[in-house]
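A short worksheet on the structure shown next.
Number of protein chains: 2
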Amino acid sequence: MKYRKIPNETVRRLPVYLRGLAQLSQQGVFSVSSSKLADFVNINAWQIRKDFSYFGDFGTRGVGYSIERLSKQIKKILRLDTLHKAAVIGAGNLGSAVLAYPGFRTYGFDIAAAFDSDPEKIGKNINNIVVEDVSRLNALRKRQVDIAIIAVPEKAAQQVTDSLVRAGIKGILNFSPKRISVPKKVKVITIDIASDLARLPYYIPSG
Amino acid sequence: MKYRKIPNETVRRLPVYLRGLAQLSQQGVFSVSSSKLADFVNINAWQIRKDFSYFGDFGTRGVGYSIERLSKQIKKILRLDTLHKAAVIGAGNLGSAVLAYPGFRTYGFDIAAAFDSDPEKIGKNINNIVVEDVSRLNALRKRQVDIAIIAVPEKAAQQVTDSLVRAGIKGILNFSPKRISVPKKVKVITIDIASDLARLPYYIPSG
DNA sequence: CTATGTGAATTTATTCACAGCA
DNA sequence: TGCTGTGAATAAATTCACATAG
Chain A
1 MKYRKIPNET VRRLPVYLRG LAQLSQQGVF SVSSSKLADF VNINAWQIRK DFSYFGDFGT
61 RGVGYSIERL SKQIKKILRL DTLHKAAVIG AGNLGSAVLA YPGFRTYGFD IAAAFDSDPE
121 KIGKNINNIV VEDVSRLNAL RKRQVDIAII AVPEKAAQQV TDSLVRAGIK GILNFSPKRI
181 SVPKKVKVIT IDIASDLARL PYYIPSG
Chain B
1001 MKYRKIPNET VRRLPVYLRG LAQLSQQGVF SVSSSKLADF VNINAWQIRK DFSYFGDFGT
1061 RGVGYSIERL SKQIKKILRL DTLHKAAVIG AGNLGSAVLA YPGFRTYGFD IAAAFDSDPE
1121 KIGKNINNIV VEDVSRLNAL RKRQVDIAII AVPEKAAQQV TDSLVRAGIK GILNFSPKRI
1181 SVPKKVKVIT IDIASDLARL PYYIPSG
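Which chain is which? The protein sequence lines are A and B, in order.
The first sequence begins at 1 in the numbering used here and counts up by one.
The second sequence begins at 1001 in the numbering used here and counts up by one.
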């Protein structure tokens, strides 16, 4: 293997592989070929092999990949081998859903705190987490939280973002459709639910 | 303009333009140039012009684009000019959040029904919609619902999908991380929240 | 003989640079 | 002059095909 820039699309697929491997592992399987994994996660076998090849030789020719070894490698690449603490900002419907969402455990995240500005919500216990006042966001640095999930109304998004940046947050999962500005050292990944829904009709044959 | 295949990525951006235009319109603006819109939605001006050029000549040289005209065109392309009724399957945390999500109105969707299998939830009123028994999914065809949003636990996803397909659903927004199989006439767009969170640490400098 | 790993070919998407119209 | 629309150039990602290792 020699060095090549890793495509963004490859990085996007790695978590999918990781989850597939976790499921296979739970089924008691120890080894898998690229074509088996392909069926399982619905991505072509050659794509899988190409993706892995950017990082090194993970498999054994004629045999396949060791699920444990491969999972460890992917976790390492994605930096999921160290614990990441995350905070949820906004304890409304979406924020509560995120707090209760079981899917994050798979990747080893610790959802460690929740914040809101509404006095009605502050102090409430959601899924074993007590909602704190959003004015205390600056304490996140000392609590070693480096990831934030923004689930606040659109108009509050930028202000919250600014506070998060000041609190030393390094990565943001943003559910607000509003573009948010951050210094370039901070990585933002946006999930724009309404836009995704909005392109569905395009693919639906009319009539 | 001459015919060219429309890139998927272009389709992905159209809803973003549409929302930007709606916001500008609300600010009382009637006309916008590609570079103004570029600032607003955070996409390059040349990208915007190229995207529009796939569909025809929307602008006026030297002037820019009429916001009303352009919005209408994009809605037509995305088939958002006809009403689409959508149903939410799963009235848990995520489903409830979706039911209450204000962002769909922007694109003219009518969230018309909600379903769950849990007797505790059936009959509950969430955001003015009464949760129905999931066994009644087959009535969706006659109610002219053509889009479904799946917010059920992973293990129920495929079964629910099969029912939806039988009920004549044409498009699915899928929040379940499990791959779901559908006949190819049905379009699925998946939002995989956990995977998106999982690639954040990759972009965060270690240490 | 099987399944990986990877150059090369192809396809897709982005970026540029500027001709052409208002 | 200002801003669109678009070929051509570049870059990125996917797909192929096969040499190579176990």
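We put the beta carbon where it would ideally sit given N, CA and C, even for glycine.
Going by DSSP, what residue range makes up the alpha helix (DSSP H) through residue 93 (chain A)?
The residue given as residue 93 (chain A) occupies position 93 in the first sequence. Element bounds for residue 93 (chain A): 93-100.
Chain A contact residues for residue 1042 (chain B), given Cβ-Cβ distances below 8 Å:
As a first step, residue 1042 (chain B) must be located in the second sequence, where it is residue number 42. Per Cβ cutoff of 8 Å: 179.
Shorter than 8 Å from the beta carbon of residue 76 (chain A) to some beta carbon of chain B?
For this step, residue 76 (chain A) is matched to residue 76 along the first sequence. Not an interface residue.
Unbroken alpha helix (DSSP H) runs of length 4 or more, entirely within the segment 174-205 of chain A: which are they?
193-198 and 200-203
Separation of residue 1194 (chain B) from residue 174 (chain A), as counted between CA atoms:
Position 174 of the first sequence, counted from the start, is the residue given in the question as residue 174 (chain A). Position 194 of the second sequence, counted from the start, is the residue given in the question as residue 1194 (chain B). So the two alpha carbons sit approximately 13 Å from each other.
Local conformation of residue 85 (chain A) per DSSP, three classes:
Within the first sequence, numbered from 1, the residue matching residue 85 (chain A) stands at position 85. DSSP places residue 85 (chain A) in strand when its eight states are reduced to three.
Taking a contact to mean a Cβ-Cβ separation below 8 Å, would you say residue 1129 (chain B) touches residue 1139 (chain B) in this structure?
What you label residue 1129 (chain B) is simply residue 129 of the second sequence in a count that begins at 1. What you label residue 1139 (chain B) is simply residue 139 of the second sequence in a count that begins at 1. Taking 8 Å as the Cβ cut-off, residue 1129 (chain B) and residue 1139 (chain B) do not qualify as a contacting pair.
Min CB distance residue 24 (chain A) to chain B below 8 Å
For this step, residue 24 (chain A) is matched to residue 24 along the first sequence. It does not: the Cβ of residue 24 (chain A) has no partner Cβ on chain B nearer than 8 Å.
Between residue 1059 (chain B) and the rest of its own chain, which residues show a CB-CB distance below 6 Å, the 5 nearest in sequence each way excluded?
Taking the second sequence and counting its residues from 1, one reaches residue 1059 (chain B) at position 59. These residues qualify, in order along the chain: 1065.
May I have the straight-line CA-CA distance separating residue 53 (chain A) from residue 153 (chain A), to the nearest angstrom?
By 1-based counting over the first sequence, the position of residue 53 (chain A) is 53. By 1-based counting over the first sequence, the position of residue 153 (chain A) is 153. Answer to the nearest angstrom: the Cα atoms are 42 Å apart.
Out of B:1035, B:1126, B:1032 and B:1146, which one is the CA nearest neighbour of residue 1092 (chain B)?
For the purposes of this step, residue 1092 (chain B) is taken as residue 92 along the second sequence, with counting starting at 1. When each option's Cα is compared against that of residue 1092 (chain B), the closest is B:1126.
Going by the CB atoms, is the gap between residue 151 (chain A) and residue 98 (chain A) shorter than 8 Å?
Start at 1 with the first residue of the first sequence, and residue 98 (chain A) comes out as number 98. Start at 1 with the first residue of the first sequence, and residue 151 (chain A) comes out as number 151. Contact flag set, yes.
Going by the CB atoms, is the gap between residue 1161 (chain B) and residue 1147 (chain B) shorter than 8 Å?
Position 147 of the second sequence, counted from the start, is the residue given in the question as residue 1147 (chain B). Position 161 of the second sequence, counted from the start, is the residue given in the question as residue 1161 (chain B). Contact: no.
Do residue 178 (chain A) and residue 198 (chain A) have their CB atoms nearer than 8 Å?
Counting from one through the first sequence, the residue named residue 178 (chain A) turns up at place 178. Counting from one through the first sequence, the residue named residue 198 (chain A) turns up at place 198. No; because the gap between Cβ atoms is not below 8 Å, this pair is not in contact.
Contact set for residue 1030 (chain B): own chain, Cβ-Cβ below 8 Å, skip 5 residues either direction:
Start at 1 with the first residue of the second sequence, and residue 1030 (chain B) comes out as number 30. Hits under 8 Å: 1066, 1067 and 1068.
Can you tell me whether DSSP reads residue 40 (chain A) as helix, strand or coil?
Taking the first sequence and counting its residues from 1, the one referred to as residue 40 (chain A) is at position 40. Residue state, collapsed to three classes: helix.
Residues that residue 1196 (chain B) contacts on chain A, provided the C-beta gap is smaller than 7 Å:
As a first step, residue 1196 (chain B) is located in the second sequence; it is residue number 196 there, counting from the start. Within 7 Å Cβ-Cβ: 173, 189 and 191.
8 Å contact criterion, which residue 1111 (chain B) and residue 1088 (chain B) should meet: CB distance rounded
Mapped onto the second sequence, residue 1111 (chain B) falls at position 111. Mapped onto the second sequence, residue 1088 (chain B) falls at position 88. Confirmed, Cβ separation roughly 6 Å.
Which parts of the segment 42-78 of chain A are runs of the alpha helix (DSSP H), unbroken and 4 residues or longer, counting only runs that do not cross its ends?
45-53 and 67-77
Contact defined as beta carbons within less than 8 Å: I believe residue 43 (chain A) pairs with residue 1170 (chain B). What is the distance between those atoms, to the nearest angstrom?
The count along the first sequence starts at 1 and reaches residue 43 (chain A) at position 43. The count along the second sequence starts at 1 and reaches residue 1170 (chain B) at position 170. Actually they do not touch by this definition, with Cβ atoms about 25 Å apart.
Can you tell which of A:105, A:196, A:185 and A:191 has its C-alpha closest to the C-alpha of residue 1202 (chain B)?
The residue given as residue 1202 (chain B) occupies position 202 in the second sequence. Checked all of A:105, A:196, A:185 and A:191; the closest Cα to residue 1202 (chain B) is A:185.
Residue-level contact to chain A via CB, residue 1162 (chain B), 8 Å cutoff
Residue numbering aside, residue 1162 (chain B) sits at position 162 when the second sequence is read from its first letter. Answer no: the Cβ-Cβ gap between residue 1162 (chain B) and chain A never drops below 8 Å.
Applying the 10 Å Cβ sphere with the 16-neighbour rule, what's the burial state of residue 183 (chain A)?
The residue given as residue 183 (chain A) occupies position 183 in the first sequence. Result: exposed.
Rounding to the nearest angstrom, what Cα-Cα distance links residue 1009 (chain B) and residue 1046 (chain B) in this structure?
Within the second sequence, residue 1009 (chain B) is the residue found at index 9, counting from 1. Within the second sequence, residue 1046 (chain B) is the residue found at index 46, counting from 1. The alpha-carbon atoms of residue 1009 (chain B) and residue 1046 (chain B) are separated by roughly 14 Å.
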